[in-house]
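Q: In full-length UniProt numbering, the protein residues as written are 1 to 146.
Cβ atoms here follow ideal geometry from the backbone N, Cα and C, with glycine treated the same way.
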């Protein structure tokens, strides 16, 4: 299926493209485009399936640079999570958190005028959700306790 290419005037700014697009196509995309939504849904599905058949119905695997970048990102994130967990255990985070929660619960229970505060906040700003003033109060309580 031959798709119609639309040309347009190149502006002063560079149009961003995906990192996997090579230089030749990046330049082409600065002044040309193909409107896939010009096709009907059945035409688009047929076109897409025919393109997938060119690759033998296999899963799409990105180029080596993308694979390496993903591997690096995943390894860094796993390392970050493990180091954070290790530091939390070493610092006794769970025990400190339990003590802080007990103190926080007392401060929360002392706040008996919450309904009035929420109603007043919603009168002042009707576009707000009722959870907004509750969150604001929670932030104030935590700020005072830490």
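Please state the DSSP three-state secondary structure of residue 7.
A: To locate residue 7, count along the chain shown from 1; it is residue 7. Residue 7 falls in the strand class under three-state DSSP.
Q: Spell out the partners DSSP gives residue 32 in its beta bridges.
A: As a first step, residue 32 is located in the chain shown; it is residue number 32 there, counting from the start. According to DSSP, which records beta bridges pairwise, residue 32 is partnered with 7.
Q: For a quick check, are the C-beta atoms of residue 35 and residue 77 less than 8 Å apart?
A: On the chain shown, residue 35 is found 35 positions in, with the first residue counted as 1. On the chain shown, residue 77 is found 77 positions in, with the first residue counted as 1. No, they are not a contact pair.
Q: I'd like the span of the alpha helix (DSSP H) that includes residue 91, first residue to last.
A: Mapped onto the chain shown, residue 91 falls at position 91. Residue 91 -> no alpha helix (DSSP H), and no H or E assigned at all.
Q: With 16 other CB atoms within 10 Å as the buried threshold, where does residue 175 fall?
A: Nothing can be reported for residue 175, as the shown portion of the chain is limited to 1 through 146.
Q: Can at least three beta-carbon pairs, one atom from the stretch 47–56 and one from the stretch 91–108, be found at a separation below 8 Å?
A: Because the criterion of three Cβ pairs below 8 Å is not met, the stretch 47–56 and the stretch 91–108 do not touch.
Q: From residue 93 to residue 103, what does the alpha carbon distance come to, in whole angstroms?
A: Residue mapping note: residue 93 aligns to position 93 of the chain shown, counting from 1. Residue mapping note: residue 103 aligns to position 103 of the chain shown, counting from 1. The straight-line gap from Cα to Cα measures roughly 15 Å.
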